[in-house]
Every structure is written in structure tokens, then in C-alpha cells.
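*Asks:* Before I ask anything, here is the structure I am working with.
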Amino acid sequence: MSSQQTYSAPSSRIGFKGKPKIVLMFFNSVLFSNAIVRESSSWYQESFLTSCPVSPKATPYFIGLMLLELVVGALKADTPILTIGDGLTSISCGMISRMPQLLFRGLELSTYMYVWENFRFVTLPWDSPWTWWACLLGVDFCYYWVHRFAHEVAFMWAAHQVHHSSEYYNLSTALRQSLTQPFTSWIFYIPLALAVPPSIFAVHIQLNLLYQFWIHTELIRDLGPLEWIFNTPKHHRVHHGRNEYCIDKNYGGILIIWDRLFGTFAEESEKVIYGLVFPIKTFEILYVQLHYYRYLWKKSKYYKKIKNKFLTFLNGPSWKPGKPRLGDHVDNPKVTGTELPHDPSWTLPLQLYAVLHFLLVLKAYHDLFEHKTVHFLRVLRLAPHHRDGSLSASPCWQLTAPTGRPSGIEDGSNAENEFPYRINKV
Ligand SMILES: [Zn+2]
Ligand SMILES: [Zn+2]
Numbered sequence: 001m002s003s004q005q006t007y008s009a010p011s012s013r014i015g016f017k018g019k020p021k022i023v024l025m026f027f028n029s030v031l032f033s034n035a036i037v038r039e040s041s042s043w044y045q046e047s048f049l050t051s052c053p054v055s056p057k058a059t060p061y062f063i064g065l066m067l068l069e070l071v072v073g074a075l076k077a078d079t080p081i082l083t084i085g086d087g088l089t090s091i092s093c094g095m096i097s098r099m100p101q102l103l104f105r106g107l108e109l110s111t112y113m114y115v116w117e118n119f120r121f122v123t124l125p126w127d128s129p130w131t132w133w134a135c136l137l138g139v140d141f142c143y144y145w146v147h148r149f150a151h152e153v154a155f156m157w158a159a160h161q162v163h164h165s166s167e168y169y170n171l172s173t174a175l176r177q178s179l180t181q182p183f184t185s186w187i188f189y190i191p192l193a194l195a196v197p198p199s200i201f202a203v204h205i206q207l208n209l210l211y212q213f214w215i216h217t218e219l220i221r222d223l224g225p226l227e228w229i230f231n232t233p234k235h236h237r238v239h240h241g242r243n244e245y246c247i248d249k250n251y252g253g254i255l256i257i258w259d260r261l262f263g264t265f266a267e268e269s270e271k272v273i274y275g276l277v278f279p280i281k282t283f284e285i286l287y288v289q290l291h292y293y294r295y296l297w298k299k300s301k302y303y304k305k306i307k308n309k310f311l312t313f314l315n316g317p318s319w320k321p322g323k324p325r326l327g328d329h330v331d332n333p334k335v336t337g338t339e340l341p342h343d344p345s346w347t348l349p350l351q352l353y354a355v356l357h358f359l360l361v362l363k364a365y366h367d368l369f370e371h372k373t374v375h376f377l378r379v380l381r382l383a384p385h386h387r388d389g390s391l392s393a394s395p396c397w398q399l400t401a402p403t404g405r406p407s408g409i410e411d412g413s414n415a416e417n418e419f420p421y422r423i424n425k426v
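Structure, rendered in C-alpha cells:
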């Protein structure tokens, strides 16, 4: 199919009225809202640890929805919506992306707390609905800019490209997260600390990421008027496309209004071909995560001028000397619409081995975070708390220094009128 042709999806996958579609949406909404409620109610115990898309509490919901998508996709789609190699790579990326947060989340929260305690302009009431709505908008606004910078600044793109490296588009793609992106993205949320209580912020940054899980599917085509305001599967498909009209478009998290306001919105039109402009054609996890840093380093060495070396990292990924800051996308390889995703032929025994091996690793991962590390950190973090919704955070290196068993949720001793748990300042 020519890239100039208007894309029309196969009839079995399009439309708002098909029964499988409704069933999928129903399960999506029920399971997703349950996930939100569970995540919201448990954030006090795990704080920022659950903000990664592969958090222990969310894992069963993610797996359930992915299986549902697989079944509906097998019944309705013309081509496979998922392959074992790509799916396992995406989920594995989500798992390892969470590892640095064991150390880094403490520093991140500490910084937010420091700004909140020393520089805030106002103290928004933590228990006001207006604060919640303001925070929802504020976090989503910040996410838009985090995301836009992640696409328009090459060294940040080196981290974020992981999320775009799949040539498929399904729920597992949502979990394909970067190992290194959290090291820069948190800075963009710090302005919220001038007004938003850390406790409210901690909930909303999780909700924002959780929302974005369900929009990674091809099975939901068009949601009517909701498309005007919300980021939807239709809009986010464009964001994952490598067609020229898709590049650097639709950065929104929950809301698409930011793209409409700031001129980065694009409507889905031609068939979207997913993945990086230059597909990496591998499932090697460390390569997927880190290859672009090596590429940037080699690219910067290629230039003689110091200025160009720096601009290699600071301008857009497509930038070259003499080009605009974001480069010239007409230089990108042309998308014809006939591109096929990377799909090496694995024998059935090899596929079974990969799945079995992955499930064992997943079990170990789940046990590590659910029963040991999280519990360990939870014990460290529980302590008396403030009614103003403030938290205290330990520098990351202090998270490994036990301070004894604190009072709080585990012995049910906290009074009803107290604000729930805070992170213990060690
Ligand atoms: Zn992106
Ligand atoms: Zn995405």
C-alpha cells in the first residue's frame, strides 16, 4: 500500500459496534478501573515504587488484559498482533526499567520534598477535589513536555527510543520502557512541588502512567467525541508511527488537548507503520536499551567542531549541521506501507523454551519486588505523618539502612483522622 493512500482498517477490526470490541472495552474499563483503585489505595505503602508500568500490583491486570487482547486479536485481526519474541522483549524491558528505581526513587522524592518544604508558593489542601483536578492537569501538562523533550533532545531520545522500538503495537508495547529515562524525566515535575502536596503528586504520576497502558492497542479504532479531549489508541498509534506524518506528533499522556494547543497534533490517516525510523531488528534487550547512546557517541565523534559535538546530544535525533534543530524528516527512509516487522523464525521448541524461561524469571522478579524489596522498603518508610499531606523522603543511600519497625499500617494503629502514611525521614 502506498504511503499516500488513505488507510482503512480491515472491517473486522474497525468500528464501534462489534461485539468483540465491546467485550474488550468492557473488560478494559472494569479491569483498568480496578487497577487504578488498587494502585491509588496502596500508594502510601509503596509510594513511587509502583509508578512503573510493571509494578507487582498491576502485573495481574496487565497480563489479563494482554491475554484478552491476544484472544480477541486472534479471532478478529488479519495478521498476528503479537509475536513471542517481540512481546517478551517488551515485557522484559518493563521489568528491567524498574530496577534503577529501587535506588533512584528516594532521591527523586527527596528533591520534590525539598522544593515543597522550602520553596512552595501555596499549600493546596490535600483533601480538596480541586487539588486533585489541578494535579491531574498539572501532571499531564508536565508529562507532555517530558515526552516532547524526550523526542526533541537526542540524549533524552536515546532513553525514550526504547518505547518506540517495537514494530508491533499492542498492550505489551506499553510495557516496553526505558532503563535510563527515569534519570531525567522526574526533573520536569519539580515545578509542581511549588504548590501540589507530594502525596497528591505521587498518586497522579502513577495514574498518568497507568492510563497510558490501554491506549496501546489496534483493536480499538475510534472512540467518537472522546477523541477530541483524551489521548486514545487512535491518537497514540500515530505517536508510535514512523510515517513522516507521525514523526514528533501526539505527545499527550491522558489528554490530547496539549498537542492541539501546542501544534503537535496529527490525526490518524495513512496506515501507521510502527517502530523506529531505522528499525533495530533485534530482540537483544541490552542493545534495545542502550544502542542509541553508542550511536550518539559515534555521531558526535564524527564532527570536528566542538559546537556540533554538543548539538549532537542537545538537538533532535535527526539533526545534522546546517539543518533545523529537529532535523529534516524528509531525509528519513520513505514508508511504503508494506514494511514487515522483525519476526525471526523460531522453532516451536525454542518458543516454548523462551516462554518457560521468561515465566521463571517473571516469577523471581515478582517475588523479589512483592515479598522482599517492597516489603523491606515499606518497613523503612512507614512512620507518623502530617495532615497537610506532606511526605518526607530518605536519600536513596539511606534506604538501605534499617531504622527499626515503625508504627503504622502493619499494626493498624494509625488514627482515623490522620493523613495516611508518609515516608520516614531517616
Ligand atoms: Zn514517545
Ligand atoms: Zn506508547
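Per my numbering, the very first residue in the sequence shown carries number 1; after that it's consecutive. Here a beta-carbon is modelled for each residue, glycine too, at the ideal position from N, C-alpha and C.
Cα separation between residue 245 and residue 266?
*Replies:* Their backbone Cα atoms lie some 7 Å apart in a straight line.
*Asks:* Give the straight-line distance between the Cα atoms of residue 318 and residue 259, rounded to the nearest whole angstrom.
*Replies:* The straight-line gap from Cα to Cα measures roughly 21 Å.
*Asks:* Under 8 Å between the Cβ atoms of residue 253 and residue 143?
*Replies:* Cβ atoms of residue 253 and residue 143: closer than 8 Å.
*Asks:* Count the other CB atoms, across all protein chains shown, that sit within 10 Å of the CB of residue 97; report buried if there are 16 or more and exposed otherwise.
*Replies:* The residue in question, residue 97, is buried, as its Cβ has 16 or more Cβ neighbours within 10 Å.
*Asks:* Check whether the stretch 147–162 touches the stretch 290–307, taking contact to mean three or more Cβ pairs, one atom from each stretch, closer than 8 Å.
*Replies:* Yes, the stretch 147–162 is in contact with the stretch 290–307.
*Asks:* Is residue 266 near ligand 2, judged by its Cβ being under 7 Å from some heavy atom?
*Replies:* Answer for residue 266: no, Cβ out of range of ligand 2.
*Asks:* Can you find a heavy atom of ligand 1 that lies under 7 Å from the Cβ of residue 150?
*Replies:* Yes, since a heavy atom of ligand 1 falls inside the 7 Å radius drawn around the Cβ of residue 150.
*Asks:* Assign residue 87 to one of three DSSP states: helix, strand, or coil.
*Replies:* Correct three-state label for residue 87: helix.
*Asks:* I need the residues with a C-beta less than 7 Å from some heavy atom of ligand 2; please give them in chain order.
*Replies:* Having a Cβ closer than 7 Å to some heavy atom of ligand 2 are 163, 173, 174, 212, 216, 236, 239, 240.
*Asks:* Under the rule that 16 or more other beta-carbon atoms within 10 Å means buried, what is residue 363, buried or exposed?
*Replies:* By the neighbour-count rule (16 or more Cβ atoms within 10 Å), residue 363 is not buried but exposed.
*Asks:* Nearest CA to the CA of residue 243: which residue from 333, 220, 303?
*Replies:* The shortest Cα separation from residue 243 among 333, 220, 303 belongs to 333.
*Asks:* Decide if the stretch 79–93 is in contact with the stretch 169–184; the criterion is three or more beta carbon pairs, one per stretch, under 8 Å apart.
*Replies:* Yes: the two stretches touch, three or more of their Cβ pairs being nearer than 8 Å.
*Asks:* What would DSSP say about residue 230, mapped onto helix, strand or coil?
*Replies:* It is a strand residue.
*Asks:* Going by alpha carbons, who is nearest to residue 247 out of 187, 329, 201?
*Replies:* Among 187, 329, 201, the Cα nearest to that of residue 247 belongs to 329.
*Asks:* Indicate whether the contact test is met: 3 or more Cβ pairs, each with one atom in the stretch 302–312 and one in the stretch 196–216, closer than 8 Å.
*Replies:* The stretch 302–312 vs the stretch 196–216: no contact.
*Asks:* Can we say the stretch 213–225 touches the stretch 60–72, given the rule of at least three CB pairs closer than 8 Å?
*Replies:* Output reads yes: the stretch 60–72 touches the stretch 213–225.
*Asks:* How many angstroms separate the CA atom of residue 230 from the CA atom of residue 255?
*Replies:* Taking the straight line joining both Cα atoms gives about 4 Å.
*Asks:* Mind checking residue 193: buried by the 16 CB within 10 Å criterion, or exposed?
*Replies:* Per the 10 Å Cβ criterion, buried.
*Asks:* Would you say the beta carbon of residue 329 comes nearer than 7 Å to a heavy atom of ligand 1?
*Replies:* Outside the cutoff, so no.
*Asks:* DSSP on residue 275, reduced to helix/strand/coil?
*Replies:* Correct three-state label for residue 275: coil.
*Asks:* Indicate, with yes or no, if ligand 1 has a heavy atom lying under 7 Å from the CB of residue 366.
*Replies:* No, the beta carbon of residue 366 sits no closer than 7 Å to any heavy atom of ligand 1.
*Asks:* If you draw a straight line from the C-alpha of residue 60 to the C-alpha of residue 86, how long is it?
*Replies:* Taking the straight line from one Cα to the other gives about 20 Å.
*Asks:* Assuming residue 215 and residue 236 are in contact, meaning their beta carbons sit under 8 Å apart, how far apart are those beta carbons, in whole angstroms?
*Replies:* Residue 215 to residue 236, Cβ: 4 Å. Contact.
*Asks:* Once you ignore the five residues that flank residue 321 on each side, which residues in its own chain have a CB closer than 6 Å to its CB?
*Replies:* So the list reads 308, once near-sequence residues are dropped.
*Asks:* In terms of DSSP beta bridges, what is residue 255 paired with?
*Replies:* Bridge partners of residue 255: 230.
*Asks:* Would you kindly report the start and end of the unbroken alpha helix (DSSP H) that includes residue 301?
*Replies:* Where residue 301 is concerned, the enclosing alpha helix (DSSP H) stretches over 285–302.
*Asks:* With DSSP collapsed to three states, give me the class of residue 138.
*Replies:* Helix, per DSSP.
*Asks:* With residue 353 as the anchor, note down where its alpha helix (DSSP H) starts and where it stops.
*Replies:* Unbroken alpha helix (DSSP H) run through residue 353: 348–367.
*Asks:* Enumerate in chain order the residues of its own chain whose CB-to-CB distance from residue 299 is below 7 Å, with the five nearest sequence positions on each side excluded.
*Replies:* These residues qualify, in order along the chain: 312.
*Asks:* Nearest-angstrom Cα distance between residue 145 and residue 337?
*Replies:* Each residue's alpha carbon lies about 30 Å from the other.
*Asks:* Give me the DSSP bridge partner(s) of residue 241.
*Replies:* Answer is 274, bridged to residue 241.
*Asks:* Alpha helix (DSSP H) containing residue 69: first to last residue?
*Replies:* 59–76 is the extent of the alpha helix (DSSP H) around residue 69.
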